[in-house]
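Chemist: Take a look at the following structure, please.
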DNA sequence: ATAAACCTTAGAGTCAACTCCAGGGTCAAG
DNA sequence: CTTGACCCTGGAGTTGACTCTAAGGTTTAT
Ligand SMILES: [Zn+2]
Ligand SMILES: [Zn+2]
Ligand SMILES: [Zn+2]
Ligand SMILES: [Zn+2]
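Chains as they are written, first to last, in full-length UniProt numbering: chain C, 1 to 166; chain B, 1 to 166.
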């Protein structure tokens with residue numbers, strides 16, 4: 001039997017988190033001491049590890065509650081139910097991934113378009129891209145800042161064009 | 001000049017959102033009508049589009065506020081500042097992306113390990129993986145459910161072993 | 001003139017998953 | 001017998017980006 005702080009430390013969680021899980025029906029200690037202290041059994045600890053593992057693969061606490069109710073009554077559920085939950089979550093994760101990949105690509109092309117130098121941001125390609133209505137980073141010849149690699153190569157040409165090399 | 005509802009519809013946002021942005025210092029209409037109605041100019045609309053574009057690449061409203069303050073005073077900021085913000089955000093996005101990829105991979109291997117059939121979940125590989133302490137989906141010969149492809153191939157062998165084909 | 005469709009405000013509520021607090025009780029060591 | 005480390009409770013606060021409500025004022029069309 002572990003007291004709340006012991007189990008918490010064992011599982012790298014805060015005691016508050018265990019109380020929170022209890023309040024939300026995920027994990028209640030099977031016994032209380034005379035003084036009212038929570039006492040967790042090995043089974044309780046196993047249940048907590050189940051919760052943490054499910055969290056580690058991306059399930060929300062609500063979804064974990066559902067998984068736990070299946071766990072407690074496996075015989076009345078089918079593999080299809082369990083796999084369904086996993087697949088549903090997988091789709092959600094893939095959608096979120098696609099969104100973040102889009103963010104990443106956009107940020108990357110913004111980053112690549114800017115020289116990143118100490119010059120005034122008056123002609124910064126990043127700001128221009130956010131101002132303009134186009135989705136992509138627009139390159140209107142000779143007005144915006146450009147990545148450093150090109151700055152060196154084009155320095156004179158830019159100067160000739162009266163361009164502020166941002 | 002647009003009234004709040006007009007601008008909102010034009011930019012696919014709710015009027016409430018515009019009021020929210022105003023309360024948080026992102027976008028205030030440049031004029032109010034006699035009756036107190038918000039009236040947005042074309043510049044205000046452009047500012048809103050700036051906000052929405054920055055949101056679309058993953059910036060938070062606080063970060064957007066910072067970007068806007070640079071926008072208003074470009075001359076006193078350097079490309080380095082702007083690019084720094086983009087690169088910082090890029091790193092954050094990449095971290096989040098790595099976490100989600102981990103989720104995806106874990107969910108995928110969980111999904112692949114389960115037959116997904118209408119049988120009782122008593123031997124479901126997914127539940128067993130979440131119960132056991134191992135990170136990967138553990139396959140203890142002949143105890144857990146397996147993906148359907150193999151179920152057909154191994155049907156008789158499993159029956160011979162007295163195995164419940166989950 | 002009156003209804004529908006708009007607009008105003010301040011302020012509360014929502015979601016998730018904690019996290020912290022005050023004000024008290026319990027327990028082992030010295 | 002006191003100190004310090006632990007534990008209890010109920011409830012409030014956090015973060016971010018809205019979203020909604022109530023109670024009223026304005027515009028526009030019929
Ligand atoms: Zn530049
Ligand atoms: Zn720049
Ligand atoms: Zn199965
Ligand atoms: Zn299964």
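Note that CB positions come from ideal geometry on N, CA and C, so glycine has one too.
#1: Quick test of the definition: if touching needs 3 or more C-beta pairs under 8 Å, does the region 115-124 of chain B touch the region 79-97 of chain C?
#2: Would you mind reading off the limits of the beta strand (DSSP E) that contains residue 39 of chain C?
#3: On a CA-only basis, which of C:30, C:22, C:19 and C:21 is nearest residue 1 of chain C? Give me that one, please.
#4: Return the chain-ordered list of same chain residues with a C-beta closer than 8 Å to the C-beta of residue 9 of chain B, the five sequence neighbours on each side being excluded.
#5: Using Cβ-Cβ distances below 7 Å, what residues of the region 81-98 of chain C are close to chain B?
#6: Could you check where the alpha helix (DSSP H) with residue 85 of chain B kicks off and where it finishes?
#7: Taking buried to mean at least 16 other C-beta atoms within 10 Å of its own C-beta, is residue 117 of chain B buried or exposed?
#8: Along the region 108-128 of chain C, where does the CB come closer than 7 Å to a CB of chain B? Name the residues.
#9: Out of B:113, B:52 and B:25, state which residue places its alpha-carbon closest to the alpha-carbon of residue 87 of chain C.
#10: What residue from C:105, C:94 and C:32 has the CA that sits closest to residue 101 of chain B's CA?
#11: Does the region 62-76 of chain C touch the region 57-77 of chain B, meaning 3 or more C-beta pairs lie closer than 8 Å?
#12: If the cut-off is 8 Å on Cβ atoms, which residues from the region 37-60 of chain B count as contacting chain C, listed in chain order?
#13: Cβ of residue 82 of chain C versus every heavy atom of ligand 4: is any distance shorter than 7 Å?
#14: Let's test the definition: count the other Cβ atoms within 10 Å of the Cβ of residue 129 of chain B and tell me whether it reaches 16, buried, or not, exposed.
#15: Any idea what DSSP makes of residue 69 of chain C, helix, strand or coil?
#16: Between the C-alpha atoms of residue 147 of chain B and residue 90 of chain C, what's the straight-line distance to the nearest angstrom?
#17: Using beta-carbon positions only, say whether residue 4 of chain B and residue 26 of chain B come within less than 8 Å of one another.
#18: Could you name the residues of the same chain whose beta carbon sits closer than 7 Å to that of residue 150 of chain C, not counting the 5 residues immediately before and after it, in chain order?
#19: From what residue to what residue does the alpha helix (DSSP H) around residue 23 of chain B run?
#20: Mind checking if residue 79 of chain C is an interface residue toward chain B, Cβ cutoff 8 Å exclusive?
#21: Any idea which residues DSSP pairs residue 120 of chain B with across the strands?
#22: With 16 other CB atoms within 10 Å as the buried threshold, where does residue 162 of chain C fall?
#23: What does residue 131 of chain C touch in chain B if you count any residue whose Cβ is under 9 Å from its own?
#24: Measuring only from the beta carbon, is residue 115 of chain B closer than 7 Å to any heavy atom that is part of ligand 3?
#25: Less than 8 Å between CB atoms is the rule here; does residue 15 of chain B satisfy it with respect to chain C?
#26: Name, please, each residue of chain C whose Cβ falls closer than 7 Å to the Cβ of residue 100 of chain B.
Modeler: Let's see:
#1: yes
#2: 38-40
#3: Looking at the Cα atoms, C:30 is the closest of the given residues.
#4: none
#5: 81, 82, 83, 86, 87, 89, 90, 93, 94, 96 and 97
#6: Where residue 85 of chain B is concerned, the enclosing alpha helix (DSSP H) starts and stops at 79-113.
#7: Using a 10 angstroms sphere on the CB of residue 117 of chain B, the tally of other CB atoms reaches 16 or more, which defines it as buried.
#8: 108, 110, 111, 114, 115, 116, 117, 118, 119, 120, 121, 122, 124, 126 and 127
#9: B:113
#10: C:94
#11: no
#12: 46, 49, 50, 53, 54, 56, 57 and 58
#13: yes
#14: buried
#15: helix
#16: 17 Å
#17: no
#18: Reliability of the predicted coordinates at residue 150 of chain C is poor, the pLDDT of 47 falling under 50, and no value is obtained from them.
#19: 15-23
#20: With 8 Å as the cut-off, residue 79 of chain C counts as an interface residue toward chain B.
#21: C:78
#22: Its pLDDT being 43, under 50, residue 162 of chain C is placed unreliably by the model, and nothing is read from it.
#23: The contacting residues are 46, 49, 50, 53 and 71.
#24: yes
#25: No, its Cβ sits nowhere closer than 8 Å to a Cβ of chain C.
#26: 93, 96, 97 and 100
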